[in-house]
Structure formats: C-alpha cells, structure tokens
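All remarks here apply to the structure that follows.
Shown next, in the form of structure tokens:
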C-alpha cells in the first residue's frame, strides 16, 4: 500500500550550494585508531573514533583550504572494492572529479563512478586506496528501531568531522512529496543536522551504517531524514549489474 | 508566592492553524503491541511501542487523507471511561466533532465533551471504544525531576506518530506571561517539538504521562513547554463535578 | 600548526543585548542541596542539584525583578577566594557593578575584578560571600572526549536556572574566524543554547566545569560553542600575576 504525506515545510538538502572563498579551511590534525571499549561512558566516543577514519569531507575544488565543504562521504567495502558513498546532490555539479580529505588531513581525488538521482545516492572511487577498513552496513532496520540512538559524523558549516546524535523518530514508508519525490522508506531522526552534513553516515550504537544523512525539514525543529542502508545495498547491486 | 517571568519570545501553540489541502495523508500501517523489555538498549523503543496504540492524530475534517493534522491526542482511563486528552487549542474551532486516527489507520469520530481554555486542556469521547488500555498518569512531579529523560509521540508537520526526546529543563512555578496567561506550574523541556505535536503526551521513562506537550518558545532553540499531569487530574475532577 | 576555519554563519553571543523592562522577573524559590546519587536514573538530576547553588543570573540593573537577565555566571574557588566566572561579553557594559541572584532568590552585588576580551572571560567578586563550595574545574579535555555527554545550567530567555544537555560534537583547534577572532581550542557541543545562557558552566557527567558556554553558530541547528576550562585556569594565573 502506498502512503502519501503532505509536506508542510520543505526538505532542504544539506550540502553547501555555493562555494564561498573566504578564509582557509584545513582539517583538524588528529590521529585516530580503533579503540577497545573501556566503559559504558566512553561508548559514544568509541563510535566516533572507530568511524571517523572512514569519513571524508568532499570539496568541489582542489584548494580545499580555500573553499567550503560540499558535503560528507564515507567508505564502505563492496566486493573488495573501497567505495565512497555520498548523496547524489553532494556531487551533482558537472564535475566528475572531487577532492576529499580525511581527519588526518590526507587528500584524495575522487571520481564519481555511479549516481542515482532518484535515490539521492552516488559512489566515488578514490585515486589512491587509503589504508582503512571502511564502515560496516546494517540494512536490517525495522519498526522496532524507533527510539534507538543514532549518530552522524559530518562537516556542518565547515566544522569538519563533527559528531551529532539523536534517536530514530519515525520510519516513514512510501512517502510521496508534493514535488513528486517518492521514498519507499525514509528514516526520520531527531539529529540536528546542518549544511555540510549531507552524505554522512547514519550510525547505530554499534557504529554500523543504517542510512545516509540527507536532508532536514525546512523551518522544523530537529526533524532530519536519512536514506536507508538497504537503498545503498540496492544501488551496489545495480552498480555491479546484478538483478535486484 | 507568585513569580513573574518576562517572556522575551512568544509561546506558540503547536497545532496547525490552517488546514491546507495539498496531497493525501494516510497513516503508516504498522501493528503495535506491548513488548517485554528485552535489554537496556531497547527501552526507548519499548516506551514507543507501549504508548503508541493509545495515541491519535486529530483532524478537523473527515477527509483525513486530504487534510493536515490539527494536533495529537492520547487516551487515558478515567473512572472506567476512556477519555481522549488534548490541548484546548487543538480543538478550539467551532466544530464539536473531530476525526481521529491511530497508527493502525483506524478512524474514529471524537466529540469534545469538556474544555478549559485557561488550562489549555480538552477531553474528547470517541464514537466507538477502541480496544486499548489507555496511558497511565503520574502527576507526582517535583524539583528532583529536572534532568530526567522525557519523550513525546506526536504528529509534527504530518509525520504521523513520530517520537522525540529530551530532558526536563525546568519546572517553572507561578508563571505569568505578558498577555496575562498564568500557569501554576509549567514543565520546560529540551524536546524539539513542531506544529502537530500539540496535545501529545509528555512521557517519563516508565511510559507514564507527566504532562501535555503544548507549546514552544518562538525563535528559541529547543525550549518547549508542557501542561503538568496534575492539571489533567484537576480537570478530570472538575469534569466529574467533584470538588477540587 | 594553525588551522583556519571558514565561518559560514556567524557566532552570536548569548547574552541579551538590550534590557527590556516588560513584566517582572523573580527567581523560582527552591531549596537545593547536595544529593547522594541514588540510582542511575537520577544522575542528571544530581548534576543539576549539586551545581545549581553555585550558579547565578547576572543583571545589569538592581531591579532584577523588572529587567532581563544579561547572562549566567558560576562560582569557583581559586586560592581560597570565591570567584564568579562568566563571559566578558556578559559584563562588557560600562558598569562595574552587576546584580546577581541564585536559585534561592538571594541577591548579591558583583564587581568586575578581571576581564579578558580576547578570551571572552571575566571574573566578578561578590559583595558578600555566599555559603557555597563553588564548582570544581576539570581542564583535562582531549580528543577522546568527542561524544561524551555535557550539560549546562543557565538563564535562557529569563527562564532562570534551566538545564540543557548534549554531547561534545568537536574539539576545534586553532580556529581563526573571518573577523580575526582566534581560538586555540573551541569546544563544540550539540547543546541547544539561547540568549541568557552565556557565561554558564559546561559541565561533564561528574558535574565538573570543562568550559564556559559562550556562543552558538547563527542560523545553525544545535551548534554551540564553549571556551575551554584551561582558558579559565590560564586567566586565573594571569589574574594572580603568575607566569603562564
């Protein structure tokens, strides 16, 4: 059965549409490593430290220190290939080459190798393979997930590799927006997201990717949305030419 | 002793004032049931699953699939009667009949049988009795509650049966607003609420109703307010013609 | 190494620039005391109850019941002196004398004895010594703190002694803003703060001060900033005429 939603506000994409050259942007230098969980109190930090090496800031311009971030991307492993996943709207410019940096300040060229505007998803391949395992995906979201804690790491307003948290607020099925956009499943969260967060991973308490942080409801207080992980998997199959 | 507050911003009610006919709104279909708590990590989901069958979206128009939600209501049991509690401002139109749906998509007519504008509280009676127990009320709030976790389930911007959370930020006693409004006790929370949340239950960690989510401070970041549960109890007594 | 950030939005100070005489403001009367932690569920309330006696609302005008709060301050003990710490921008008027009240409604005169505009920090001395221990400082913040829970108590929009919470979102090193402002370390949190929160303590889960809540990113969703506790310590040494 299809469900229709009236959208009172507007969903706004979270990339920075215009690149403004004002000031210099360099990443925070910090070594990151996998941590053994020491106590309950450090668990959210563990999620951060384990995930952040696989997360990137995506720029339209090679002069990453002079331009604003376009959005966020994250590495996953698909059939022994390291793919960078992001929103299609983060890399929707005419460019085919983007510039990615990680929290250690290492810079990579990334080429768009697949994009699906309907699902707002794109894959990039890096010019050099970084020594990172990539994030694990957990596509098994279900209605019992409402209320569970979720996290994202992204680059809101050029504050690179910032963490935000919230809960899953709703799992909206078969959403139809007034502009015709359709989503089979749209994960709604209470995470406060901002321009630059687009394309970042929505992480569960095990640090697994359950979605891609994509948009917020304009003028709302804390209503943000993520493309579910099963849409990543569907598009990986499509990219690999498999039936799905 | 009376206390007076200067209200710098404006408290705005959280119902959608104007019904806009644009698109179709249907509830998410999902079976809900009482769950046994399995582990600490599922507890917030337990609060959701246990409460949501007793929560309703309230519409001014029978064509609930074509109109926007006016607010939220929730069922409680008062002297073996099932009452729907909501804010007075959610049902302040000239209508006496409203249209309520639950998360299963079941539709009910609701008649306003009591309303108190000063306390911003109203009771509705459903045309048919749904097979739900109703939520428990815990009116025993005190200053030691500041900091404790709270939750609401409501219908922000037509995203039906969405959960949001926060902490009790303050318990404001004897609040006088510039427009003359007076509240003996106003529960202040950090929950991000939106139009459509009005009339929803403020739940504690046991899933008990401790208030009615009613308003937010305009232009504030995350300052929302709830009518305390003891005001529900006071009005139930008033409704029943008892002294109080 | 220096890092530069492009600031897309504007950082806005959280004090109320203009004192508006509209209505009366009196503190909530409530006795507060140190509590023994009873269970995990009351821990956030414990942080509140233990900290709030050392926290003050700061007014420009002696008629605190007729004016709006300028910001928040908190007591610390430095070399057996009780100092009130706040942001410089909270007490940047020409006044040297400010009026402080605590949650019990006790009123004090406070004199600015030290201020550092670059670090946005000021110290006040009270005319009478209140019988409070003052808050403990923990300046030992590091990158493993990202994700940990933080709290503040302040006076947003004249709702006195309100608590808000969030996580440490980022630890931004060597931040240079477009207006030339420089911060060696800027603690970024997800706490929703509002005008009146400026100068309030950023507390960790042990109720220790790890920073001073100072600003939010204008137009952002939930991006707020705090001066780190080591800047308090640096300025205490400077105030005491020691080398640092």
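Residue numbers (my numbering), protein chains in the order written: chain B, 1340 to 1583; chain U, 1340 to 1583; chain E, 1340 to 1583.
Virtual Cβ for every residue (Gly too), placed ideally from N, Cα, C.
Non-local beta-carbon contacts of residue 1572(E) in its own chain, meaning distances under 8 Å to residues more than five positions away in sequence, involve 1476, 1478 in chain order.
Against chain B, the CB of residue 1556(E) has a partner CB under 8 Å away; the residue lies at that interface. Rounded to the nearest whole angstrom, the C-alpha separation of residue 1536(E) and residue 1530(E) is 11 Å. Against chain B, the beta carbon of residue 1498(E) has no neighbour under 7 Å; the closest one sits roughly 17 Å away. Fewer than three Cβ pairs drawn from the stretch 1387-1406 of chain U and the stretch 1509-1520 of chain U lie within less than 8 Å of each other, which leaves the two stretches out of contact.
DSSP places residue 1483(U) in the helix class (H, G or I) of the three-state scheme.
With contacts defined by Cβ atoms closer than 8 Å, residue 1408(U) and residue 1491(U) do not form a contacting pair. The beta carbon of residue 1401(B) sits closer than 6 Å to those of 1438, all from its chain and outside the five residues before and after it, given in chain order. The continuous stretches of beta strand (DSSP E) do not include residue 1578(U), which lies in the alpha helix (DSSP H) extending over residues 1568-1578. Under the Cβ criterion of 8 Å, residue 1501(E) is counted among the residues facing chain U. Using a 10 angstroms sphere on the CB of residue 1459(B), the tally of other CB atoms reaches 16 or more, which defines it as buried.
Per the Cβ contact rule, the stretch 1481-1501 of chain B is not in contact with the stretch 1459-1468 of chain B (fewer than 3 Cβ pairs under 8 Å).
Proximity of residue 1383(E) to chain B, defined by a Cβ-Cβ separation below 8 Å, is not satisfied. Within chain U, the residues 1559, 1560, 1562 have their CB atoms less than 7 Å from the CB of residue 1533(E), given in chain order.
Between residue 1556(U) and residue 1550(U), the C-beta gap is not smaller than 8 Å, which leaves the two residues out of contact. DSSP, read as helix, strand or coil, puts residue 1384(E) in helix.
Contacts between residue 1527(B) and chain U, judged by CB atoms closer than 7 Å, involve 1498, 1501 in chain order.
A direct Cα-to-Cα measurement between residue 1484(E) and residue 1507(E) gives close to 7 Å.
Residue 1505(E) is positioned such that its CB atom lies closer than 8 Å to that of residue 1528(E).
As the crow flies, the alpha-carbon of residue 1382(U) is around 21 Å from that of residue 1384(B). Residue 1440(E) sits buried, since 16 or more C-beta atoms from the chains shown fall within 10 Å of its C-beta. Beta-bridge pairing by DSSP links residue 1502(B) to 1492(B). Under DSSP, residue 1450(B) takes part in a beta bridge, and its partners are 1436(B), 1464(B).
Put simply, the backbone Cα of residue 1467(E) is about 12 Å away from that of residue 1422(E). When the five nearest sequence neighbours on each side are left out, the beta carbons in the same chain lying within less than 6 Å of the beta carbon of residue 1416(B) are those of 1473, in order along the chain.
Put simply, of 1509(E), 1579(E), 1567(E) the residue whose alpha carbon is nearest the alpha carbon of residue 1426(E) is 1567(E). Note that the C-beta distance between residue 1394(U) and residue 1411(U) is below 8 Å. Neighbourhood of residue 1491(U) in chain E, by CB distance below 7 Å: empty, with the nearest CB roughly 16 Å away.
Among the residues of the stretch 1564-1580 of chain B, none has a Cβ less than 9 Å away from any Cβ of chain E. Beta-bridge partners of residue 1552(E) (DSSP): 1565(E). Contact with chain B is absent for residue 1479(U), since none of that chain's Cβ atoms lies less than 8 Å from the residue's Cβ. In terms of Cβ geometry, residue 1533(E) and residue 1495(E) form a close pair [threshold 8 Å]. Close to residue 1504(B), with beta-carbon spacing below 7 Å, are these residues of chain E in chain order: 1506, 1529. Contact of residue 1398(B) with chain E is not assigned, every C-beta pair being separated by 8 Å or more. Secondary structure of residue 1522(E) (DSSP, three-state): strand. Within the same chain, Cβ atoms closer than 7 Å to the Cβ of residue 1471(U) are found at 1392, 1393, 1414, the five residues on either side in sequence being excluded.
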